[in-house]
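Quick notes on the structure that follows.
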Amino acid sequence: MDTPLLTVKNVKTYYPVKTGFMNLQTSYVRAVDDVSFEIYEGETLGLVGESGCGKSTLGRTIIGLEPLTDGEILFDGKPMNFRTDRVSLSKQIQIVFQDPYSSLNPRLTIGDLLAEPLTVHNIVPRNEIQQEVTRLLQLVGLSETAKARYPHEFSGGQRQRIGIARALALRPRLIICDEPVSALDVSIQAQIMNLFKQLQRELGLTYLFIAHGLGAVKYISDRIAVMYAGKIVEMGTAEQIFKNPQHEYTKKLLGAYPIPDPTKRSILTQQ
Amino acid sequence: MSLFKRYFNKKKYDAEHTVTWSEDMPSKGLFLKRFKRHKLAVIGFFYLAIILLCAIFAPLLAPYNPNEITDAFGEGPSMAHWLGTDDIGRDILSRVLYAARVSLSVGVGAVAIAAAIGAVLGLIAGYFGGIIDGIIMRITDVFMSFPYIMFILVVASIVGPGLTNIIIILGVLGWPGIARLVRGNVLAIKQSDYVKAGIALGYSTPRILFKHILPNTIAPILIYATSGVAGAILDEAALSFLGLGVQPPDASWGNMLSSAQSITILTDQPWLWIPPGIFILLTVLSINYIGDALRDALDPRNVK
Amino acid sequence: MESLLSVKHVTTAFDTEHGKVISTSDVSFDVKHGETLAIVGESGSGKSVTALSIMRLLGKNGHVEEGEILLNGIDLAQVSDHEMQKLRGNDVSMIFQEPMTALNPVLTIGYQLVEAIRLHIPLEKKAAKKLAIEMLDKVGIPQAERVIKQFPFALSGGMRQRVMIAMALVCKPKLLIADEPTTALDVTVQAQIIRLLHSLCQEYGTAVMLITHDLGVVAEMADRVVVMYAGQVVETTDVYTLFEQPLHPYTVGLLNSIPSMDFDNKELQAIPGSIPANYNQLPGCRFANRCPLATEHCKTNKPELTDTGSGHLTRCFEWRQLQQGGNA
Amino acid sequence: MFGYILRRLLIAIPVLFGVTVINFIIMRMAPGNPIDMLVSPKLPDAAREAKAIELGLNDPVYLQYWNWLKNLVMHGDLGYSMYTSEPVVSMILERMGPTLILMGTALVLGLLIAIPLGILSATKQYSKLDYIFVTGSFLGISIPNFFLGLILVYVFAVQLSWLPSGGMKEVGGDGGFGTLLVHMILPIIVLVANVAGRNIRYVRSSMLEILGQDYLRTARAKGLKELFVVNRHALRNALIPIVTIIGLEIPILFGGAVVIEQIFSWPGIGQLTLSSIMNRDYSTLMGLNLVAAFVVIAANILTDIVYAFVDPRIRKSYVGGAK
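Chains as they are written, first to last, in numbering that gives the first Met the number 0: chain A, 0 to 270; chain B, 0 to 303; chain C, 0 to 327; chain D, 0 to 322.
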């Protein structure tokens, strides 16, 4: 494993909040507070933590959707500057969102929605666009007839598939998955997670998989980072984290996870 | 747990299995279906269509030239003059038909100007935020502090009355309302994931603004615009009634009504002022009903 | 001993823009005194509608078409509004999923709690306030005296859910219906709320009807389980048999969809497809389009809830195939 | 809470400033010589010239504006009417009373009708009652107020002659409270029809929004009667949007007053506006426009303050509410 695909060095994302009398004082919410880690090509790093721990903010900072207050992010060893080379970076790194009902423009048909990135960055010659849209749809398990339909005609699970197809349009190498399955039913979650794994096998993708469901993270991640109050408190392979967690918070998190086996009732037994 | 492994590997299941989706009604059908439920709005729609036709084809439909002095002075409705004539002998029916042009053009013209200015400023204020937003919003506050009718009266008295002036004044002073509405919508849409996805996909700001954000503000603008048209028609009528709108001899429902300010005309010649009043009422009423139906039909919230 | 609540063949329908929509059909189950019954199902399965039908909170255009809901012998579907209001919060009470919006934002916590008390317990304002503070302590809210004067927006999601539990249990009801009480909460807070619910209900002898889609929570809390799919009850059994020997393909599929905690890196067997939109009009079994065991017979006949022995009910013709799969 | 109010006041300052700037610009656009506007015509010419220099009327525009503003703020001097050469301020103050009586009563009565009807039609949605109130409110906002005024005069004053057709008191009468009331009936009916029409549907839609909230379902689950659910829980929340009506209605009422005072020859600001327009009396016009704008801004601030009382989230959050 030579240079990591993504290197995050001492990243901080602070939000100024106006408080006090007449809003004169500004205190800072330290959403992401000095985080460093690396992801290697083809790997899936799981990022888990409770709401408000800063995991989504971190994910969005990496792809330039949130302001980077301090620290450095390298892609393939080179520093990422979204102000100047947003276009080239969009072909390297993409994002899938959590809320299936807000991630698709309600006014565009699925065909237009998938064709747009292709035409903007002319990924394929003009006459092959429709073909490429069909390929993307089949890649995520949807049929060609979806092209003429509008987002409100699809279920949550299907919309997530469309979101994934859109992210794949520019053929990125790294995908930030910002809680892509948290809003879905358990059976649909399993479908989408299998899809993620299959795409990783076929296209050699690298994932930063953000979720608050421990089960999902365990199933899909090679390595896992546990976040608490803007900091990574523990990081290791999935087996290390689940088999013998070191940090107090990780133990508390694992202990609180309801195990789907009535014979091992962990929550009610411990205090 | 081996039970599940043995049981399930009888048939291979994987993600490729194509997925069926609910046969929901296409959005166009749903829109019409929900609009039709508002009976009064449908009636209003047909009424408005008739008024529009009368306005366009006024020269053909009107029995007389609106300013033509006939020999009948101040007579009541008769076979020759269905709605009677005024003291100068002009035929009321013809004037009412020509006046329809005034009201509709003011309504649509003023709102078009207001919508154009308001939408652009609202879009900019909403999307860029920060100081630009602060400045634009303070300007709208200032404009909205002046009582609307008084402000128009003052400006009209300086700039001078007349149809085009009225349209421009109503348009130029009408934009703050729409600007605030569009800004509110843009602020909400800006947070949505499909805009963030657009940024991540490397779309340019104009593309995001005009291809992704603006189309999603059209519905609220449309709903606000219908009440704007109704308001503009009422404002023009009020101005003309007060003598500062459309100037005689041109006909406007408002200035036809102002003649009724004299007690004699009010009591003895009701056919002079009642028809224009009724026309304003029916036109504004239908536009308001259509606006209400639009709000229900376009409201994404109740996509049950 | 007669069960506390028995729901018999209940069908609930809503009048909507597209005409009448039947959301649950032929739902039957019982809740015994002090028992925790879990109702498991995914979105659209009708589990929340069933709960709201019991509390008769279906709103203006929802109503119970057929069936009986007997609470201690009183049929809640027929009883008068006034009578129902006397029961709500006293004999049967309910807590909801979204703590952030479940409390009135412009009224203090104290006001809303005292109101719940004085509706059913004849106490003076002062005494009621004292009971309210005791109840807040009981549900583990620190500095209850201060919280009484505060407004809901000042409390976290977990705290607000505790206030809801206090409000629901203060009159010591016989049955508590909990509609996805922990879904909107973080894992650590969820564990605390599960412990709190369990201990309080045991202390008061209150039966719990827990509605959830999380089989982990079911395993932790439930004694018996009802599985619902597309508006119907498809399986009913005790919690141990459900995880050990489920007799309905949907339940099997659900259990297979959960990533297991041990590291056999078992491939997840996702249930393909989705719930058919027109499931009310289907001639046969509603799970047929996604079921690996589905036969022509399944597609044309409606399976009934059959007892496979010792009260283990399932709504499937081919359940024996699951049984022949033999035990683990 | 105090911080919140102060902040609202601070925001109002640039708006006030903006209003005076725009007013001054329009004044500059108006035909006629600024001297006639700002210097009392009673003074002999030499003194007028001196006063003109004193006011710096031939200084650059922004200086003139500054002097005008200083003059306005210090002595409340709005210049002199170009028609009656009386100080504009006294003319306005003299006529402010009748207009405020008219607007105030119309607003109060309008809300007394709109709020209960709006709530009733929301709680009994799609019932006969709801249909009647909504249709009534559509009529209220669609009928031009002068047309309604003419009809009322035609019916009540002319045909039935129950009510006077205009003015505040009988010509030469003593102008007691009784006659004032009688004279107010028709204009108030017109204004109230407008106010109620606009706000019944506003209250109804805000109420419908609240009726769908989760906390009402919680209240019902406690065993509360539907009546109490609406009165105690829903109404308290409906107060918040209802308070904003005051801020919205004042500017529109001014407009209505202008038309109504014309039809019913009511000696208020509206009539003064129209007479000033007819007489090309721009200085009075500017004064009227400015004062009206001040009243609107004052109303907005008042609304914000009342808003803070009604909505605890604002009351608490600005005094370092408990986190």
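Note that CB positions come from ideal geometry on N, CA and C, so glycine has one too.
The Cβ neighbour count for Phe146/D, taken over all protein chains shown within 10 Å, is at least 16; the residue is labelled buried.
Cβ-Cβ distances below 7 angstroms link Tyr63/B to Thr69, Asp90 and Ser93 in the same chain, with the five nearest sequence neighbours on each side left out; the list follows chain order. DSSP places Glu67/B outside both helix and strand once states are collapsed to three, so it counts as coil. At a cut-off of 8 angstroms between C-beta atoms, Asn236/D counts as an interface residue with respect to chain C.
Within the same chain, and ignoring the five residues on either side of Ile187/D in sequence, the residues whose Cβ sits closer than 6 angstroms to its Cβ are Thr104 and Ala105. The alpha helix (DSSP H) runs of length 4 or more contained entirely in the region 157 to 207 of chain A are, from start to end of the chain, 185 to 202. For Ala153/C, no chain A residue has a Cβ inside 9 angstroms of its Cβ, as the nearest lies near 15 angstroms away.
Using beta-carbon distances, Thr243/D does not count as an interface residue toward chain C, since no partner is under 8 angstroms. DSSP lists Leu207/A and Arg222/A as the beta-bridge partner residues of Leu44/A.
Within chain B, no C-beta atom comes less than 7 angstroms from the C-beta of Pro179/A; the nearest is roughly 11 angstroms away.
Taking 9 angstroms as the Cβ-Cβ cut-off, the region 221 to 232 of chain D approaches chain C at Lys221, Gly222, Leu223, Lys224, Glu225, Phe227, Arg231 and His232, given in chain order. Listed along the chain, the chain B residues whose CB falls inside 9 angstroms of the CB of His120/A are Leu200 and Gly201. For Ser26/A, same chain residues with a beta-carbon under 7 angstroms away, outside a window of 5 residues either side, are Val16 and Thr18 in chain order. Under the three-state reduction of DSSP output, Asn89/C falls in the coil class, being neither helix nor strand. Looking only at Asp85/B, Tyr288/B and Ser102/B, the smallest Cα-Cα distance to Arg200/D is reached by Tyr288/B. The beta carbons of Asp192/B and Ser55/A sit about 11 angstroms from each other, so the pair does not count as a contact at 8 angstroms. Leu36/C and Ala177/C have their C-alpha atoms spaced approximately 10 angstroms apart. The residue from Val217/C, Met227/C, Leu312/C and Val238/C with its alpha-carbon nearest to that of Tyr249/C is Met227/C. Here the alpha carbons of Glu114/C and Gly222/D stand approximately 10 angstroms from one another. Contacts between Lys195/B and chain A, judged by CB atoms closer than 8 angstroms, involve Arg59, Leu64, Ile94 and Phe96 in chain order. Pro15/A: not part of any alpha helix (DSSP H); member of the beta strand (DSSP E) spanning Leu5 to Thr18, first to last residue. Distance from the CA atom of Met81/D to the CA atom of Asn66/D, rounded to whole angstroms, is 20 angstroms. When 7 angstroms is used as the limit between beta carbons, Asn288/D is near these residues of chain B: Phe145, Met149, Phe150 and Val153, in chain order. Taking the CA atoms as reference points, Tyr130/D sits about 16 angstroms from Asp295/B. The beta carbon of His120/A sits closer than 8 angstroms to the beta carbons of Val86, Ser89, Lys90 and Leu169 from its chain, once the five residues preceding and following it are set aside; these are given in chain order.
From the listed residues Ala50/C, Gln142/C and Arg319/C, the smallest Cα separation to Thr11/C is found for Ala50/C.
Shown here, Ser24/C sits in a strand according to DSSP, grouped into three states. With respect to chain B, the C-beta atom of Met95/D has no partner C-beta closer than 8 angstroms.
Cβ atoms of Ala76/C and Gly66/C come within 8 angstroms of each other, at about 7 angstroms. The Cβ-Cβ distance between Gly162/A and Arg29/A does not fall below 8 angstroms.
Within the region 266 to 285 of chain D, the residues whose Cβ lies closer than 9 angstroms to some Cβ of chain B are Ile268, Gly269, Thr272, Leu273, Ser275, Ile276, Met277, Arg279, Tyr281, Leu284 and Met285, listed in chain order. Positions of the beta strand (DSSP E) runs, each at least 3 residues long and wholly inside the region 17 to 75 of chain C, are given as 18 to 30, 35 to 39 and 61 to 70 in order along the chain. The three-state secondary structure of Arg36/B, taken from DSSP, is coil. Taken atom to atom, the span from the alpha-carbon of Ile207/B to that of Ile92/A is near 19 angstroms. Neighbours of Arg264/A in chain C, taken as residues at a C-beta separation under 9 angstroms, are given in chain order as Ala218, Glu219 and Met220. Check the Cα spacing between Ala287/C and each of Thr307/C, Gly310/C, Gly308/C and Arg314/C: the tightest is with Arg314/C.
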